[in-house]
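Reading through the structure tokens given below for one structure.
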Amino acid sequence: MKHVAFLSAACMLKDNPEARKDYWEYDLEISALAPACREAGIELVTRIWDDPDLDASQYDGAVIGTCWDYMQKPEAFAAALESMAGKTRLLNPIEIFRWNQRKTYLKDLAARGAPMIPTLWADRADAATIEGAFDALGSDDIIVKPVVGAGAWRQARIRRGETLPEAEKLPIAECMIQPFLPAVSEEGEYAFLFFGREFSHCARKVPAKGDYRVQSEYGGREEIHIPTDEERALAQAVIDCVDGDLLYARVDMLRGLDGQLALIELELIEPYLYPEQGPQMGAAFARALKALI
0 MKHVAFLSAA CMLKDNPEAR KDYWEYDLEI SALAPACREA GIELVTRIWD
50 DPDLDASQYD GAVIGTCWDY MQKPEAFAAA LESMAGKTRL LNPIEIFRWN
100 QRKTYLKDLA ARGAPMIPTL WADRADAATI EGAFDALGSD DIIVKPVVGA
150 GAWRQARIRR GETLPEAEKL PIAECMIQPF LPAVSEEGEY AFLFFGREFS
200 HCARKVPAKG DYRVQSEYGG REEIHIPTDE ERALAQAVID CVDGDLLYAR
250 VDMLRGLDGQ LALIELELIE PYLYPEQGPQ MGAAFARALK ALI
């Protein structure tokens, strides 16, 4: 029996008084993954990524799982993963982490032909930058995101003429700015899940009425989406732009103003895997994990 650490965060444990509102997503995910891995001869053991007693050398591998507090302490997270990578097989690999942790990876994917949303990059989300973005993007409605972040953390939707959000609701430093696309509220986003580079399932993520954020902590919901051959091919083309071993990958796409799906993000570090929309995902994950360790 192989032993693999599934890295999570203390805020994802339901008994923690400071548990996130979406802590239950960890429960759903591990409940799907652990039994399938056990059948494949792998004991998946949850460990908190910043536990000082965690010794990665005791495991045959370490999977970057629901580490959903890393955006508050990115330097500590990076250092912890670098250390683990020197002691065991880190999945996805440390090279993938280094590339994918900053959303500037989207520049590389654009250069390789991935379908993209128009994006501006800036050192800070100040008033001058935001005002200039309206004109540069040709939009009176924009989304501002931190270059390092996840789960709509410090992300803001801003309309021309509105008072800017408070500083603590905007990116701390470097940011990316995109036009707001109405499809996110009307149609939702699509999450294409791959294990070992093979397509597994797709979830359509729909925000709560009056919101645009699709995460469950903001009232978003998910449903099964059966993608067309064209949609699958678009997602697969994004995966094909990336070199190296991939245990998992999630391609998040949104319909642009031209009616075509475009890439929002390629999640290669700690994506939620939408087990409820992919009943077979535990087995697919286990097969890919067994092949890599």
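Mapping to numbering that gives the first Met the number 0: the sequence shown position 291 is 290, numbers consecutive.
Ideal Cβ placement from N, Cα and C applies to all residues, glycine included.
Note that the coordinates shown come from a computational prediction; the quantities given were computed from them, not determined experimentally.
Coarse secondary structure for residue i, derived from DSSP in three states
i: Val44; result: strand
i: Ser138; result: coil
i: Glu24; result: helix
i: Pro270; result: coil
i: Ile93; result: helix
i: Phe284; result: helix
i: Lys204; result: strand
i: Leu12; result: coil
i: Lys106; result: helix
i: Met70; result: helix
i: Ile295; result: The chain is shown only over 0 to 292; residue 295 falls outside these bounds and no answer can be derived.
i: Lys1; result: strand
i: Ile238; result: helix
i: Lys289; result: helix
i: Leu245; result: coil
i: Ala232; result: helix
i: Glu275; result: helix
i: Thr128; result: helix
Best match in the options for proximity to residue i [C-alpha to C-alpha]
i: Ala282; options: Met0, Asn99, Ser30 and Trp23; result: Ser30
i: Leu265; options: Asp228, Ala287 and Glu188; result: Glu188
i: Gly137; options: Arg159, Asp125, Arg153 and Gly277; result: Arg159
i: Ile300; options: Glu221, Gln276 and Leu267; result: Residue coverage of the chain in this structure runs from 0 to 292, which leaves residue 300 outside it and unanswerable.
i: Gly277; options: Ala261, Glu269, Ser199 and Gln214; result: Ser199
i: Pro51; options: Gly40, Gly64 and Met83; result: Met83
i: Asn15; options: Ile47, Gly258 and Phe284; result: Ile47
i: Asp68; options: Gly255, Ala202 and Arg153; result: Arg153
i: Ile157; options: Asp139, Asp59, Ile41 and Arg97; result: Asp139
i: Tyr22; options: Ala290, Lys289, Tyr271 and Arg286; result: Tyr271
i: Trp98; options: Gly243, Arg286 and Pro274; result: Gly243
i: Leu53; options: Gln71, Tyr25, Glu173 and Lys86; result: Lys86
i: Asp26; options: Leu288, Phe284, Pro274 and Arg286; result: Pro274
i: Ala135; options: Met175, Val146 and Leu105; result: Met175
i: Glu130; options: Glu186, Ala290, Thr162 and Val147; result: Thr162
i: Ala290; options: Cys36, Arg19, Leu12 and Glu24; result: Cys36
i: Cys240; options: Ala109, Ala39, Pro73 and Leu89; result: Ala109
Burial state of residue i (16 or more Cβ within 10 Å)
i: Lys102; result: buried
i: Ser7; result: buried
i: Gly112; result: exposed
i: Ile223; result: exposed
i: Glu28; result: buried
i: Leu180; result: buried
i: Phe123; result: Note that residue 123 is Arg in the sequence shown, not Phe. When all chains shown are included, Arg123 counts as exposed.
i: Lys144; result: buried
i: Ile225; result: exposed
i: Gln177; result: buried
i: Met252; result: buried
Residue(s) in a DSSP beta bridge with residue i
i: Ile63; result: Leu6
i: Cys310; result: Only positions 0 to 292 of the chain appear in the structure, and residue 310 is not among them; the question remains open.
i: Arg159; result: According to DSSP, which records beta bridges pairwise, Arg159 is partnered with nothing at all.
i: Pro145; result: Cys174
i: Trp120; result: Met175
i: Asp251; result: Ala190 and Glu264
i: Phe76; result: Phe76 is not bridged to any residue.
i: Phe198; result: Phe193
i: Arg153; result: None, per the DSSP bridge assignment.
i: Ile223; result: Ala202
i: Met115; result: Leu262
Close Cβ partners of residue i (< 8 angstroms) along its chain, the five nearest in sequence each way excluded
i: Glu17; result: Ala9 and Cys10
heavy atom of the ligand NAD below 7 angstroms from residue i C-beta
i: Leu6; result: No copy of the ligand NAD appears in this structure; indeed no ligand is present at all.
Own chain partners of residue i with C-beta closer than 6 angstroms, once the 5 adjacent residues on each side are dropped
i: Glu269; result: Ile63 and Cys66
i: Phe5; result: Leu43, Thr45, Val62 and Gly64
i: Arg220; result: Val205
Sequence-distant residues of the same chain with beta carbon closer than 7 angstroms to residue i, five excluded per side
i: Ile238; result: Phe193, Arg196, Ala248 and Val250
i: Asp49; result: Ala75 and Ala79
i: Ala33; result: Leu43
Any C-beta of chain D under 8 angstroms from that of residue i
i: Val241; result: Structure shown: chain D not included; a single protein chain is present.
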